[in-house]
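J.:
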Amino acid sequence: MDRLCVGNSRLDAIDEILQLILNELSHPAPFAILSKRHYEFAKDPYIRAMYFLARHGRIQALYWALGRGKLLNERVLDRG
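Position in the sequence shown counted from 1, then plus 644, gives you my numbering.
What follows is the structure, encoded as structure tokens:
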């Protein structure tokens, strides 16, 4: 536990845990509206790209991302 309390590494560990939780959700919108912190976290293009890759795999991630409409933008595509 001591290693989680040094500088930004604690925040990085929390972000990793949030990413794991997000990846297990079939609909991430309710997660994003829990708090402003979760909303900002879910808006990150890298987080969105990793959500689709983890949830659907490399081959079908783009197909499923296109079906989500507003979640997909050019920054998300660049991260994938």
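Each residue gets a CB set at the ideal place from its N, CA and C atoms; glycine is no exception.
State whether the stretch 701 to 712 contacts the stretch 673 to 691, with contact taken as three or more CB pairs (one from each stretch) at a distance under 8 Å.
T.: Touching, no.
J.: Output yes or no for whether 7 Å exceeds the beta carbon distance between A705 and L697.
T.: Start at 1 with the first residue of the sequence shown, and residue 705 comes out as number 61. Start at 1 with the first residue of the sequence shown, and residue 697 comes out as number 53. Yes, Cβ-Cβ distance for A705 and L697 is below 7 Å.
J.: Quick check on DSSP: helix, strand or coil for M645?
T.: Your numbering for residue 645 matches position 1 in the sequence shown. Reliability of the predicted coordinates at M645 is poor, the pLDDT of 41 falling under 50, and the value obtained from them is presented with this limitation in mind. Reduced to three states, the DSSP call for M645 is coil.
J.: Candidates I691, E684, S653: which alpha carbon is nearest N667's?
T.: The count along the sequence shown starts at 1 and reaches residue 667 at position 23. When only C-alpha atoms are compared, the closest one is I691.
J.: Who are the near neighbours of N717 in its chain, counting only those whose CB is closer than 8 Å to its CB and skipping five residues on each side?
T.: To locate residue 717, count along the sequence shown from 1; it is residue 73. Excluding residues within five positions, the ones whose Cβ falls inside 8 Å are P689.
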